[in-house]
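Okay, so here's the structure we're looking at.
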Amino acid sequence: MTSRSREKRRTAPAGGKTYAFQLFVAGNESNSTQARDNLARLCREYLTGRHEITIVDVLKDAATAYTHHVLVTPTLILIKPLPKVLLLGNLSDTRHVLAALRLIGGKQ
Amino acid sequence: MARPTRRVHEQEEAGLRKKRKRISKIPTGIVGLDKVLDGGLPAERMTLVGGGPGSGKSIIGLQWLLAGADTGEPGILVLFEERVASVRQNASGLGWDLAQLEQKGLLCLLDARISPEAVVSGDFSIKGLLAIIGQKAKAMRARRIVIDAVDALLYLYDSPMRERHELYTLHEWLLDQKLTTMMTVKTVPQEESPRYAFLDFMADCVIHVDQRVTQQITTRRLRVVKYRGSGYGRNEYPFVISQDGINVIPITSNVLQHRPLGSKVSSGQAGLDVVLAGGFRRGASTLILGIAGSGKTTLACIFAQAAGRRGERVLYLNFEESAESMVGNMLSPGLALGPLIKRGTLVVRSYLPEAMGVEEHLFHALKALDELQPQHVVVDAISACKRMGSEQAAFEYLMRLLNDCRERGITCFYLNQATSLDIVAEISGIGISSIIDTVVLLRYLQVGHAMKRQLLVMKSRGSKHSDLFHEFHITDRGIELEKT
Chain A
120 MTSRSREKRR TAPAGGKTYA FQLFVAGNES NSTQARDNLA RLCREYLTGR
170 HEITIVDVLK DAATAYTHHV LVTPTLILIK PLPKVLLLGN LSDTRHVLAA
220 LRLIGGKQ
Chain B
2 MARPTRRVHE QEEAGLRKKR KRISKIPTGI VGLDKVLDGG LPAERMTLVG
52 GGPGSGKSII GLQWLLAGAD TGEPGILVLF EERVASVRQN ASGLGWDLAQ
102 LEQKGLLCLL DARISPEAVV SGDFSIKGLL AIIGQKAKAM RARRIVIDAV
152 DALLYLYDSP MRERHELYTL HEWLLDQKLT TMMTVKTVPQ EESPRYAFLD
202 FMADCVIHVD QRVTQQITTR RLRVVKYRGS GYGRNEYPFV ISQDGINVIP
252 ITSNVLQHRP LGSKVSSGQA GLDVVLAGGF RRGASTLILG IAGSGKTTLA
302 CIFAQAAGRR GERVLYLNFE ESAESMVGNM LSPGLALGPL IKRGTLVVRS
352 YLPEAMGVEE HLFHALKALD ELQPQHVVVD AISACKRMGS EQAAFEYLMR
402 LLNDCRERGI TCFYLNQATS LDIVAEISGI GISSIIDTVV LLRYLQVGHA
452 MKRQLLVMKS RGSKHSDLFH EFHITDRGIE LEKT
């Protein structure tokens, strides 16, 4: 049902835990595009080979947004490793995002 | 005389209605509010309901959705602040079974609370929410939606510009979807916030509700601030939240629809009937004025007894004593009220004036008129009504009650306790004397070593009456007038 709206990118795990993300976007609005780019860049730099991103377009798949209680776009959910993390916004503040995802030490 | 005037009024009304035809409206399901809104909320537009915490705005929204569900029209309630479960629970306190409506697909409670653990990084929009609402509305065929506590969403934005932009997007989207929307927003009284000013400009209809405490008594008020393309009641209207939801009490309708006074009806006392040239007129309002112990209650109860014998019902609103103590006290002048109460021809409702605000008193009184359909009403005593809050509160209560009795053709007796022997100065009776048809004055007079009781009919609209002071006695057979 969601094949149209999801695109999966998978890289083989290579050391460390695999990070599974779900990114909710609204079509190609600018915040969503930025979030996509920011997440991709971040994964390339910090999670090479050990990330999994599922992108859900809420405009095409509102049901999944509802199930995951996603009200704003973009929303990034870190599914694995636990605990879950919920990030709202275009992910422009890299340090902030990395801290929230526990990829760097505490916030500054 | 009366007929042509009325016809003119009807023509004017019809003319106004024709002009207002352009806007299609959806009733709120709250009778009084629909009157104030001249029919209801603007269809396919947005209405804003603003008010402080506990002011009743969410209940107004829910009641509107339930009114829709009643007619088979589904609705969505988007909750930005309250939990779905607690809304269900609170509603059940008002006798509303939301879960059942949800199962039938007539209602959807949408939890739109943003997780407090969410981390914000960069800009975002509420497109997700709109997508969810859109999908739900389509699936349910919902045409009405309530967005509760939109302010909770706005707190996520730290810039007023972004806030406005999102609200604007939301508004545009709702209009595009042709949904009729009610949006509630918390306002802080006495604080001009640009956020709400903006919302007021955006919405087509704006309603403000508040809850205030005057002299230790809480009252609720509702006011329509604007309504694009429609007329509306421009005053502040009291409302109550009772067991069955919101009840708005518009103080006055535009047109007086009083019924003309009816035939004479006996006062229950032969001598007084002579003085009144046959008795009181049906549908008339009578003020009985006198100091404590002058016989006001006795006079009213004699009337009630006579009415009961004719098979007519009297509603006795007592602000001075309980039904039991009234029945006991009236045994002395030989009145047996117990059997009348048992038969239901006399219904005594005793209230402590300060127990509730004026609108709640009104609500109970008007509900009693609806339920009991009495021919006569006694208010004992209007002087105690000041304890509902203020002289103004008492005036509102008495005017509205009198107005309703007038429209229904109910005979009304207002007992007023004077505080001095110079009671003529107190005749006004909280400023309502001009709409009173008959005034009966009871007084004491010192004659030699004795106090004599005297009765005077000061005015009796539409009827002949004696203009003499009549001496009377209260005996164990009621009131007896001395022959003059």
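Protein chains in written order, with our numbering: chain A, 120 to 227; chain B, 2 to 485.
Heads up, the beta-carbon is just placed ideally off N, CA and C, and yes, glycines get one too.
Open item on the list: By alpha-carbon positions, which one of B:350, B:163, B:107, B:440 ends up nearest to residue 146 of chain B?
Closed with: As a first step, residue 146 of chain B is located in the second sequence; it is residue number 145 there, counting from the start. For the residues B:350, B:163, B:107, B:440, the minimum Cα distance to residue 146 of chain B belongs to B:107.
Open item on the list: Spatial neighbours of residue 269 of chain B within its chain, please: C-beta separation below 7 Å, excluding the five flanking residues on both sides.
Closed with: Counted from its first residue, the second sequence places residue 269 of chain B at position 268. The residues are 303, 304, 306, 307.
Task: residue 54 of chain B, enclosing beta strand (DSSP E) - first and last residue - done: Along the second sequence, one-based indexing puts residue 54 of chain B at 53. Careful: residue 54 of chain B lies outside any beta strand (DSSP E) and carries neither H nor E.
Task: Contacts that residue 156 of chain A makes with chain B (C-beta to C-beta distance below 8 Å) - done: For the purposes of this step, residue 156 of chain A is identified with residue 37 of the first sequence, where counting begins at 1. Within 8 Å Cβ-Cβ: nothing; residue 156 of chain A doesn't reach chain B, min ~12 Å.
TODO: Note down, in chain order, all residues in the region 114-144 of chain B with a beta-carbon under 7 Å from any beta-carbon belonging to chain A.
DONE: Going along the region 114-144 of chain B in chain order, one finds 115, 116, 118, 119, 120, 121, 122, 123, 124, 125, 126, 127, 128, 129, 130, 132, 133, 135, 136 with a Cβ nearer than 7 Å to chain A.
Task: residue 238 of chain B versus residue 381 of chain B: straight-line alpha-carbon distance, rounded - done: Along the second sequence, one-based indexing puts residue 238 of chain B at 237. Along the second sequence, one-based indexing puts residue 381 of chain B at 380. Those two C-alpha atoms are separated by around 25 Å.
Open item on the list: In the DSSP output, which residue or residues are listed as bridge partners for residue 184 of chain B?
Closed with: Within the second sequence, residue 184 of chain B is the residue found at index 183, counting from 1. B:49, B:148.
Task: Bridge partners - residue 447 of chain B, DSSP secondary structure assignment - done: Indexing the second sequence from 1 puts residue 447 of chain B at position 446. BP columns for residue 447 of chain B point to B:452.
Open item on the list: Counting C-beta neighbours from all protein chains within 10 Å, is the total for residue 452 of chain B 16 or more, i.e. buried, or is it exposed?
Closed with: The sequence position of residue 452 of chain B within the second sequence is 451, counting from 1. The residue is exposed, with fewer than 16 neighbouring Cβ atoms inside 10 Å.
TODO: Say whether the region 205-213 of chain B touches the region 45-62 of chain B, bearing in mind that this needs 3 or more beta-carbon pairs closer than 8 Å, one atom from each stretch.
DONE: Touching, yes, given that three or more Cβ pairs across the two stretches are closer than 8 Å.
Open item on the list: For residue 299 of chain B, report the span of its beta strand (DSSP E) as first-last.
Closed with: Mapped onto the second sequence, residue 299 of chain B falls at position 298. Premise fails: residue 299 of chain B lies in the alpha helix (DSSP H), 297-310, not in any beta strand (DSSP E).
Open item on the list: Our contact map puts residue 283 of chain B next to residue 264 of chain B with C-beta atoms below 8 Å; I'd like the distance itself, whole angstroms only.
Closed with: Numbered from 1 along the second sequence, position 282 holds the residue referred to as residue 283 of chain B. Numbered from 1 along the second sequence, position 263 holds the residue referred to as residue 264 of chain B. Rounded to the nearest angstrom, the Cβ distance from residue 283 of chain B to residue 264 of chain B is 6 Å, consistent with a contact under 8 Å.
TODO: Please confirm whether residue 1 of chain B and residue 225 of chain B have their CB atoms less than 7 Å apart.
DONE: As displayed, chain B neither begins before 2 nor continues past 485, which places residue 1 of chain B out of reach and without an answer.
Open item on the list: By the DSSP assignment, the beta strand (DSSP E) with residue 377 of chain B in it spans what residues?
Closed with: The residue labelled residue 377 of chain B in the question sits at position 376 within the second sequence. Taken as a continuous stretch (DSSP letters only), the beta strand (DSSP E) holding residue 377 of chain B covers 377-381.
Open item on the list: Suppose contacts are defined by Cβ-Cβ distances below 7 Å. Is residue 399 of chain B in contact with residue 411 of chain B by that definition?
Closed with: Numbered from its first residue, the second sequence carries residue 399 of chain B at position 398. Numbered from its first residue, the second sequence carries residue 411 of chain B at position 410. It is not a contact, given that the beta carbons lie outside the stated cut-off.
Open item on the list: Closer than 8 Å between beta carbons: that is the criterion. Which residues of the region 182-193 of chain A meet it against chain B?
Closed with: If you check each beta-carbon in the region 182-193 of chain A against every beta-carbon of chain B, the ones closer than 8 Å belong to 182, 184, 185, 188, 189, 190, 191, 192, 193.
Open item on the list: When you compare the CB positions of residue 185 of chain A and residue 166 of chain A, do they come within less than 7 Å of one another, or not?
Closed with: Counted from its first residue, the first sequence places residue 185 of chain A at position 66. Counted from its first residue, the first sequence places residue 166 of chain A at position 47. No Cβ-Cβ contact shorter than 7 Å links residue 185 of chain A with residue 166 of chain A.
Open item on the list: On the criterion of 16 or more Cβ atoms from any shown chain inside 10 Å, does residue 202 of chain B qualify as buried, or is it exposed?
Closed with: By one-based count along the second sequence, residue 202 of chain B stands at place 201. So residue 202 of chain B counts as exposed.
Task: Residue range of the unbroken beta strand (DSSP E) whose run includes residue 190 of chain A - done: As a first step, residue 190 of chain A must be located in the first sequence, where it is residue number 71. No beta strand (DSSP E) contains residue 190 of chain A, which DSSP labels as neither H nor E.
Task: Proximity to residue 365 of chain B [Cα-Cα], best of B:240, B:481, B:385 - done: Along the second sequence, one-based indexing puts residue 365 of chain B at 364. Just measuring C-alpha positions, the residue of B:240, B:481, B:385 sitting nearest residue 365 of chain B is B:240.
Task: 7 Å Cβ cutoff met for residue 39 of chain B and residue 231 of chain B - done: The sequence position of residue 39 of chain B within the second sequence is 38, counting from 1. The sequence position of residue 231 of chain B within the second sequence is 230, counting from 1. Result yes, Cβ atoms of residue 39 of chain B and residue 231 of chain B sit closer than 7 Å.
Task: residue 289 of chain B, enclosing beta strand (DSSP E) - first and last residue - done: Taking the second sequence and counting its residues from 1, the one referred to as residue 289 of chain B is at position 288. 286-291 is the span of the beta strand (DSSP E), which, as asked, contains residue 289 of chain B.
TODO: Would you list, in chain order, the members of the region 189-221 of chain A that have their beta-carbon closer than 8 Å to a beta-carbon of chain B?
DONE: Within the region 189-221 of chain A, the residues whose Cβ lies closer than 8 Å to some Cβ of chain B are 189, 190, 191, 192, 193, 194, 204, 205, 206, 207, 208, 209, 210, 211, 212, 215, 216, 219, listed in chain order.
Task: Selection from B:435, B:439, B:408, B:390 that minimises the alpha carbon distance to residue 414 of chain B - done: Locating residue 414 of chain B in the second sequence gives position 413, counting from the first residue. Nearest option by C-alpha distance: B:439.
Task: Residue(s) in a DSSP beta bridge with residue 175 of chain A - done: Position 56 of the first sequence, counted from the first residue, corresponds to residue 175 of chain A. Residue pairing by DSSP places residue 175 of chain A opposite A:143 in a beta bridge.
- [ ] Find the residues of chain B that neighbour residue 159 of chain A, judging by a C-beta separation of less than 8 Å, and give them in chain order.
- [x] The sequence position of residue 159 of chain A within the first sequence is 40, counting from 1. Within chain B, no residue comes near residue 159 of chain A; the closest Cβ sits about 15 Å away, beyond 8 Å.
Open item on the list: Counting only Cβ pairs nearer than 8 Å, list the residues of chain A close to residue 1 of chain B.
Closed with: Outside the displayed range of chain B (2 to 485) lies residue 1 of chain B, so it cannot be described from this structure.
Open item on the list: Can you look up residue 349 of chain B in the DSSP assignment and give me helix, strand or coil?
Closed with: The count along the second sequence starts at 1 and reaches residue 349 of chain B at position 348. In this structure, residue 349 of chain B counts as strand in the three-state DSSP scheme.
Task: DSSP three-state assignment for residue 255 of chain B, whether helix, strand or coil - done: Here residue 255 of chain B corresponds to residue number 254 of the second sequence, with the count starting at 1. In this predicted model, residue 255 of chain B has a pLDDT of only 48, less than 50, meaning its place in the structure is not dependable; the value taken from the coordinates is given anyway. Secondary structure at residue 255 of chain B: coil, using DSSP grouped into helix, strand and coil.
Open item on the list: For a contact defined as C-beta to C-beta under 9 Å, what are the partners of residue 147 of chain A on chain B?
Closed with: For the purposes of this step, residue 147 of chain A is taken as the residue at position 28 of the first sequence. Listed along the chain, the chain B residues whose CB falls inside 9 Å of the CB of residue 147 of chain A amount to none; the nearest CB is some 11 Å away.
Open item on the list: Counting only Cβ pairs nearer than 9 Å, list the residues of chain B close to residue 140 of chain A.
Closed with: Reading the first sequence from its first residue, position 21 is the one you call residue 140 of chain A. Around residue 140 of chain A, no beta-carbon contact reaches into chain B at under 9 Å, the shortest distance being about 14 Å.
Open item on the list: Quick check on residue 198 of chain A: does DSSP put it in helix, strand or coil?
Closed with: Taking the first sequence and counting its residues from 1, one reaches residue 198 of chain A at position 79. Strand.
- [ ] Let me know the secondary structure DSSP gives residue 461 of chain B once reduced to three states.
- [x] Here residue 461 of chain B is taken as the residue at index 460 of the second sequence, counted from 1. Reduced to three states, the DSSP call for residue 461 of chain B is strand.
Open item on the list: Helix, strand or coil for residue 164 of chain B? Go by DSSP, reduced to three states.
Closed with: Counting from 1 along the second sequence, the entry for residue 164 of chain B is found at position 163. Residue 164 of chain B falls in the helix class under three-state DSSP.
- [ ] Starting from the C-beta of residue 67 of chain B, find all residues in its chain whose C-beta is less than 7 Å away, skip the five residues before and the five after it, and write them out in chain order.
- [x] As a working note, residue 67 of chain B is residue 66 in the second sequence. Contacts found: 30, 97.
Task: Proximal residues to residue 25 of chain B (C-beta, below 6 Å), its chain only, five neighbours per side dropped - done: Counting from one through the second sequence, the residue named residue 25 of chain B turns up at place 24. Only residues of its own chain outside the window of five on either side were considered, and among them 44 have a CB closer than 6 Å to the CB of residue 25 of chain B, listed in chain order.
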